[in-house]
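Heads up, the thing below is written out as structure tokens.
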Amino acid sequence: LPPNPHPAINGPATNYLVPTDNPYIGITNFYGQPVDPAEVRTEFYATGLRNPYRFTFDPVNGELLCADVGQGSWEEVNLITNGGNYGWAQREGFVAYSGGTQPASLYTSPLLAYPHTWNTSVPASFRGNSITGGRVYYGTNMPALNGHYIFADYVSGNIWSMTHDGVTNTLFQHLFNEGGPITFGADPRNGDILFGRISSLTVRRIIQSTEPTNALPPTLADTGVFQDLETLEPSRGVVPYDLNLPFWSDNAIKSRWFNAPGTNLLITFSPDAPWVFPTGMIWVKHFELELTNGDPASARRLETRLLVKNGTTPGGYGVTYRWTDPPTNAVLVPEDGMNEEILIDESGIIRTQVWRYPSRGECLVCHQTGAGFGLGFNTPQLNRPYPHAGLTTNQLTALADAGYLDTPVGDPSALRRLAHATNSAYSLEYRVRSYLQANCAQCHRPGGSGIGAMDARIYPSLPEAGLIDAAVNDDFGNPAYRIIVRGAPTNSMLLHRISFRGPGQMPPLASNLIDTQNVALVTAWIQSIAGDLTFEEWQVLHFGSSGHPDAAAHADPDEDGNDNSTEYLTGTQPTNSMDRWTFGIGTGAEPPAVRFERTANTGFEVETTESLTDPQWQRVDDPANAPIFSASDEMVTLPVTAGTNNVEAGHYRARIYDP
18 LPPNPHPAIN
28 GPATNYLVPT
38 DNPYIGITNF
48 YGQPVDPAEV
58 RTEFYATGLR
68 NPYRFTFDPV
78 NGELLCADVG
88 QGSWEEVNLI
98 TNGGNYGWAQ
108 REGFVAYSGG
118 TQPASLYTSP
128 LLAYPHTWNT
138 SVPASFRGNS
148 ITGGRVYYGT
158 NMPALNGHYI
168 FADYVSGNIW
178 SMTHDGVTNT
188 LFQHLFNEGG
198 PITFGADPRN
208 GDILFGRISS
218 LTVRRIIQST
228 EPTNALPPTL
238 ADTGVFQDLE
248 TLEPSRGVVP
258 YDLNLPFWSD
268 NAIKSRWFNA
278 PGTNLLITFS
288 PDAPWVFPTG
298 MIWVKHFELE
308 LTNGDPASAR
318 RLETRLLVKN
328 GTTPGGYGVT
338 YRWTDPPTNA
348 VLVPEDGMNE
358 EILIDESGII
368 RTQVWRYPSR
378 GECLVCHQTG
388 AGFGLGFNTP
398 QLNRPYPHAG
408 LTTNQLTALA
418 DAGYLDTPVG
428 DPSALRRLAH
438 ATNSAYSLEY
448 RVRSYLQANC
458 AQCHRPGGSG
468 IGAMDARIYP
478 SLPEAGLIDA
488 AVNDDFGNPA
498 YRIIVRGAPT
508 NSMLLHRISF
518 RGPGQMPPLA
528 SNLIDTQNVA
538 LVTAWIQSIA
548 GDLTFEEWQV
558 LHFGSSGHPD
568 AAAHADPDED
578 GNDNSTEYLT
588 GTQPTNSMDR
598 WTFGIGTGAE
608 PPAVRFERTA
618 NTGFEVETTE
628 SLTDPQWQRV
638 DDPANAPIFS
648 ASDEMVTLPV
658 TAGTNNVEAG
668 HYRARIYDP
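Written as structure tokens, this is what we have:
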């Protein structure tokens, strides 16, 4: 039959026809509601799916299997049938969705539903946040999986197989874990299942392993990481380090070490991108928890985790060892992880805290290759002083001097560092962006597993990060939600997601307590930017239109020497020549110095060159020229002294940039 008319169809002639047995041809009633059969899209075959990703036909029996991405709690595999209604938005998985009142009998149930990662009642190897379907295997290399539907979860990296009897799954088994599986295919030569990983831009083949699995050390003592478990004195070559801003871990006290495989295998250093690590690199993180808040003597050893970089996918693996009581050793936690209830004395009130010992699959949810795998081992986290062998020096300098890095780091004061929530020298915005880098950027980054366009890294400017007024992927029933709404914490989804624990929480795993300090920080920042303007809004305010000639970024309508970009970033008036940002060299009795006002929450970098005919602009090496986004306006005095690239006679300029 021809399809019903529609403006999108070009006239009466169409290049397709609708099968006569399609279920919605000629219907006049849909679930108790009258419908006009002439207005129905007769192309429809099934309804009630939320976000199919993806569907496939079984090449032997012709069945249509569809993976349907859930909202906040469940992911589904559905067998699609003629006229089937799969329940969205009345149902999610096998349960009623928020506000759903219709009985389950009205809808077609999924063959299988698995919960999101926050649901720890199910082993971690059977959880995830975003289903990726899926092919039915009919090949020669893995006879045990013949006829099995092979599918995965994009966020958790779990890859499974499933069989069914047309009503429910009859076998649901975990095969392995692989970071970021985004699509499946089949090798037409032999039926082998292929899948793509967006995080590594690779296509991989599933094969039957014939090699024995190497047994993991059963105890922490067996790993050889520490030569003295009582004092946690590390073995030779296991080096301590610390971070500017640790990931939130439910009030845990953490210590860190690393071990590199050898001096001929170097770490690839980058000032702003994730570092690249050699095969054999190991990171060690030790967790303790105060059983009486504020009393260090009450700290109990909980676990010690090892993260190992290897040459196979998805970049390595992580294991955790749970400490015995008394703490004489730590024992390998099962592959699926475990929970423990711990009693905490909080100002005389006893509460129960659930501590999560992560599964090996959960380790890889965050430790993604695209984010660097060794997440805290990067420039803005390690750019800080630390005592080594009785001498306190910058960690980046120490790593380079010790031969761990493939290139010198130069002056560490030229590099960014993350700022703690309590570091009031930095602006609220920079502290929030630091929090996002440490806690969210492993997933929410270009090519990462985080859903949506938000970029949580510290380096993109705020306009480039997709935070302000950006649409959300799930509005939780509130259409006013955006990722960040200036001046409106209650409509800012980012704040909402970090302010509770349960379905939809952020981070989605590894936390059962709210990070109240950073919730307060994000709230204060959102309130503080109520009157902030984008550059386009600023142009409209001052010139009536962003397209006005005087509104161009490099125009200078008041002829005060500052173009509009400078006026916007420094907070001066573009139409008042008496209100201008000044930059110059002061001379007098003291040695000459560059002097300027560093505007709050704005980046400034002073550069110099000896010649304007052939300029070779270089950053002025001085700690006062560090990339600081200050909390308030402040005068900066940058001495002009002889040096490698800090010359007494020369030319100077300032680069001003968005935070």
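In my numbering, the protein residues as written are 18 to 676.
We put the beta carbon where it would ideally sit given N, CA and C, even for glycine.
Simplified DSSP state of residue i, which is helix, strand or coil
i, result
"Ala568", "helix"
"Leu381", "helix"
"Ala130", "strand"
"Thr661", "In this predicted model, Thr661 has a pLDDT of only 46, less than 50, meaning its place in the structure is not dependable; the value taken from the coordinates is given anyway. It is coil, neither helix nor strand."
"Pro160", "helix"
"Val348", "strand"
"Ser315", "helix"
"Arg152", "strand"
"Gly603", "strand"
"His165", "coil"
"Leu123", "helix"
"Ala25", "coil"
"Gln370", "strand"
"Pro273", "The residue you asked about is not Pro; residue 273 is Arg in the sequence shown. Strand at Arg273."
"Arg222", "strand"
"Glu584", "helix"
"Phe493", "coil"
"Phe143", "helix"
"Arg636", "strand"
"Pro51", "strand"
"Ala203", "strand"
Residues that DSSP places opposite residue i in a beta bridge
i, result
"His668", "Thr626"
"Thr410", "Tyr403"
"Gln454", "Its beta-bridge partners do not exist; DSSP assigns none."
"Ser509", "Arg499"
"Asp85", "Pro69 and Glu93"
"Leu306", "Arg317"
"Thr285", "Val293"
"Asp631", "Its beta-bridge partners do not exist; DSSP assigns none."
"Arg612", "Gly601 and Thr654"
Neighbourhood of residue i by C-beta distance below 8 Å, restricted to the same chain and skipping five residues each side
i, result
"Glu195", "Ala169, Gly174, Ile176, Phe212, Arg214, Arg221, Thr330 and Pro331"
"Ala316", "Ile270, Glu305, Leu306, Glu307 and Leu308"
Residue nearest to residue i in terms of C-alpha spacing, selected from the options
i, options, result
"Val256", "His405, Asp312 and Gly335", "His405"
"Thr654", "Glu627, Thr599 and Gly667", "Thr599"
"Met7", "Thr59, Val172, Pro574 and Trp292", "Nothing in the structure corresponds to residue 7, since the chain is present only between 18 and 676."
"Val657", "Pro609, Ala537, Thr630 and Leu392", "Pro609"
"Tyr70", "Thr64, Phe47 and Ile148", "Ile148"
"Met510", "Ile485, Asn529, Thr341 and Ile44", "Ile485"
"His133", "Glu109, Tyr447 and Gly150", "Glu109"
"Tyr62", "Asn99, Trp91 and Pro288", "Asn99"
"Tyr452", "Glu624, Pro375, Pro263 and Thr187", "Pro263"
"Pro700", "Thr31, Glu80 and His23", "Here the chain comprises residues numbered 18 to 676, so residue 700 is not present and cannot be evaluated."
"Gly378", "Val172, Ser122, Gln534 and Asp567", "Val172"
"Gly335", "Ser266, Ala25, Thr227 and Pro234", "Pro234"
"Val557", "Ala570, Ile546 and Ser545", "Ala570"
"Asp631", "Glu614, Arg597, Ile543 and Gly667", "Gly667"
"Thr137", "Leu413, Phe390, Leu512 and Pro375", "Pro375"
"Arg636", "Thr619, Gly603 and Ile673", "Ile673"
Residues near residue i in its chain [Cβ-Cβ closer than 6 Å; skip 5 each side]
i, result
"His559", "Pro591"
"Thr661", "Per-residue confidence for Thr661 stands at a pLDDT of 46, beneath the threshold of 50, marking its modelled position as unreliable; the derived number appears in the next sentence. For Thr661, where only same-chain residues beyond five positions count, there are no Cβ hits under 6 Å."
"Ala269", "Phe304 and Leu306"
"Glu363", "Asn310"
"Asn68", "Val86"
"Cys457", "Ala473"
"Ala643", "Ser430"
Contacting residues, own chain, Cβ-Cβ under 7 Å from residue i (five flanking each side not counted)
i, result
"Ala487", "Ala470, Met471, Arg499 and Ile500"
"Glu576", "Ser594"
"Phe189", "Leu129, Trp177 and Met179"
"Pro640", "Ser430"
"Thr424", "Phe286"
"Asp567", "Phe560 and Pro574"
"Gly104", "Gly65 and Tyr124"
Residue i Cβ short of 7 Å to the ligand NAD heavy atom set
i, result
"Thr619", "For the ligand NAD, the structure offers nothing, since it holds no ligand at all."
At least 3 beta-carbon pairs within less than 8 Å: the region 264-278 vs the region 292-304: When Cβ pairs closer than 8 Å are counted between the two stretches, the region 264-278 is seen to touch the region 292-304, the count reaching three or more.
The region 70-87 / the region 30-37 touching (three or more Cβ pairs under 8 Å): These segments do not touch.
The region 491-498 in contact with the region 340-357 per 3-pair CB rule at 8 Å: No: fewer than three Cβ pairs fall under 8 Å.
Touch test, the region 395-404 against the region 243-259, Cβ-Cβ under 8 Å, three pairs minimum: With a cut-off of 8 Å, the region 243-259 and the region 395-404 count as touching, because enough Cβ pairs lie within range.
At least three beta-carbon pairs within less than 8 Å, the region 111-119 to the region 157-169: No, the region 111-119 does not touch the region 157-169.
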